[in-house]
Amino acid sequence: MLGKWQVLVVHKHMHVLRRGTGCSTTPTVPHSIPPFPVVRPTPDREASPDRRRRSPPQAHPGACRSLIGRRGSATGFFEPINGACEKGCACRFLVHKQWKLEEELDGWLGAAGLTKSPDVRAVIAPHAGYSYSGRCAAYAFGNIDPTNISRVFLLGPSHHYYTPKCALTRATVYSTPIGDLPVDQEVIEELSATGKFEFMDLRVDEAEHSMEMHLPYLSKVFQGHTVKVVPILVGALSSQSEAMFGQLLSKYVDDPNNFFSVSSDFCHWGSRFNYTYYEKKHGAIHKSIEALDRMGMEIIETGDPVAFKQYLQEYENTICGRHPISVFLHMLKHCSTKIKIGFVRYEQSSQCKNMRDSSVSYASAAAKVDASGEEENKD
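Okay, so the sequence shown: first residue is 1 according to full-length UniProt numbering, each after it adds one.
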């Protein structure tokens, strides 16, 4: 009999990943980890704007900061907390009963009350546990009109595995409680032939939750439609690599049958994340966090990857999907189709009021074909 957390099943011979068969118990804290060095708090725990100037701790660029502590684990996996997770597998935040999962997704999508649009070509959505970010994510996935889409590119950050490149899956199918999502082998081979990508081990694939948390929503939205997925794990890329991968992938944006699902949470705030940036002019800490996030969201909406990079360098906001977002911005910069990003929802896991608190921010965006931009091109 399965416990509260069902371990991800990998059928290596068939190369099938059974994704999203996880927990029916709410964990004590949201699951999302910024996979990069961030600023340590000062000893007096007083937050100040110049906190970002302090030298970050020396750590491997791909190292995870565990939200609940690794107790010596070098892998970045969670240790068991209140029976919530088993060491050696990624934390799963999905109920394993199909009917229950579909009921939750239907509820959130219905509450969002969005009109599906064929002009929506991409979304940015969070990847924390559904009890924390499921509602917010619905405001992204609820925009999708699946009618003409036959392929979904998934761009997610790597929380546990360090690579300076982008990695492709070896799996042929991602299986969720709602349905199977076959991997587009033709596109995988096409990308591999460029010599720019590596392949991730199945163990890396099964451990990573950033793309996994998008799969049930995609399965739900595309029920009754034939669609394949192209999962791309985005590593700790340099600015040059972000631009290179963005240009390489940009041609796929111009195909209206392609869709893009970009995975990212926003600010991870608190001493457990070694990030306590706070500007008192905004009032409460959670208001300062929101102001910081919205500054980044507004820059992302401009579509300027250079401005986004400058923002990250200036404030060091712990946006774990900063590399996938940057690659996506470069894709939009180089493609022929004019696409405009617009954020539609913002939430926080909790409202921080003192320096002992912590929170993770979630934001959802839809990227639509810019009709005004298309008209300008015709002129």
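Beta carbons are placed, not taken as given, at the ideal position from N, Cα and C, and that holds for glycine.
None of the values given here were measured: they were computed from a predicted structure.
Residue of the options minimising C-alpha distance to residue i
i, options, result
"S372", "G283, K338, I325, Y362", "K338"
"A171", "K220, E186, Q310, R121", "E186"
"P324", "Q310, Y311, G246, Y315", "G246"
"residue 387", "H159, P182, T176", "Because the chain in this structure spans residues 1 to 379, residue 387 falls outside the shown range and cannot be described."
"P164", "Q240, H225, F328", "Q240"
"G113", "I144, A122, Q98", "I144"
"Y162", "S250, D201, W99, Q348", "D201"
"D119", "H330, E189, D254, H282", "D254"
"V229", "V173, E189, K196", "V173"
"L248", "F197, K97, S150, G110", "F197"
"E189", "E314, P231, Q313, E206", "P231"
"T115", "E206, M244, P146, K100", "P146"
"Q313", "S238, C352, D370, G224", "S238"
"M213", "Y130, T302, R356", "Y130"
"G303", "V327, E316, D293, Y315", "V327"
Residue interval of the beta strand (DSSP E) (run including residue i)
i, result
"D180", "180-182"
"P164", "It is not in any beta strand (DSSP E) - P164 carries neither H nor E in the DSSP assignment."
"Q348", "339-348"
"F222", "Counting along the chain, F222 falls outside any beta strand (DSSP E), and DSSP gives it neither H nor E."
"S175", "173-175"
Contact set for residue i: own chain, Cβ-Cβ below 7 Å, skip 5 residues either direction
i, result
"W108", "G134, R135, A138"
"V344", "Y139, S364, A365, A366"
"Y252", "F153, N258"
"E102", "I178, K220"
"Y217", "L105, A137, F141"
"S32", "Bear in mind that a pLDDT of 43 at S32, under 50, signals an unreliable position, so the model cannot answer this."
"Q98", "P177, I178"
"C166", "F197, I232, L233, V234, G235, F245"
"D370", "K338, I339, K340"
"F222", "P146"
"T194", "L248"
"S117", "N143, D145, K368"
Per DSSP, the bridge partner or partners of residue i
i, result
"V120", "K368"
"K228", "R151"
"S261", "V123, L154"
"H268", "V360"
"I144", "S117"
"Y275", "G270"
"L233", "G156, A167"
Terminal residues of the alpha helix (DSSP H) in which residue i lies
i, result
"S358", "Element bounds for S358: n/a, residue is neither H nor E."
"E198", "Note, E198: premise wrong, no alpha helix (DSSP H); beta strand (DSSP E) at 197-199."
"S238", "From DSSP, S238 is part of no alpha helix (DSSP H); its letter is neither H nor E."
"K309", "305-315"
"R188", "One point to set straight first is that residue 188 is Ile, not Arg, in the sequence displayed. Its alpha helix (DSSP H) spans residues 185-192."
"Q98", "98-112"
"residue 436", "The question about residue 436 has no answer, for the chain in this structure spans 1 to 379."
"I325", "322-334"
"D205", "202-207"
Anticipated Cβ contact below 8 Å, residue i with residue j, distance rounded
i, j, result
"S261", "E208", "Not a contact, Cβ separation roughly 14 Å."
"K340", "K309", "Rounded, the Cβ-Cβ distance is 20 Å, inconsistent with contact."
"S358", "G270", "3 Å"
"V227", "R121", "With 8 Å as the limit, V227 and R121 do not qualify as a contact, their Cβ atoms being about 14 Å apart."
"P256", "N354", "Wrong, their Cβ atoms sit about 49 Å apart, outside the cutoff."
Cutoff 6 Å; reference residue i; Cβ partners in own chain excluding five residues on either side
i, result
"F199", "L168, R170"
"G72", "The predicted model places G72 with a pLDDT of 25, which falls under 50 and marks its position as unreliable; any figure quoted below should be read in that light. None."
"A125", "A137, A140, S364"
"S210", "H127, G156, P157, S263"
"S250", "M331, H334, C335"
"V204", "Y161"
"E347", "C136, Y362"
"P41", "Legend: pLDDT at P41 = 32, less than 50; position of this residue unreliable, no value from coordinates given."
"R70", "Because R70 carries a pLDDT of 24, less than 50, the predicted location of this residue cannot be relied on, and the following value inherits that uncertainty. None."
"R45", "Note that R45 has pLDDT 32, beneath the 50 cutoff, so the model's placement of it is unreliable and no number is given."
"Q351", "H286"
Neighbourhood of residue i by C-beta distance below 8 Å, restricted to the same chain and skipping five residues each side
i, result
"I300", "I124, F308, I325, L329, I341, F343, A365"
"A243", "P305, H330"
"S192", "L168, F199"
"A291", "E279, H282"
"R294", "Y346"
Contact with chain C by residue i, beta-carbon distance below 7 Å
i, result
"L109", "Among the chains in the structure shown there is no chain C, since it carries only a single protein chain."
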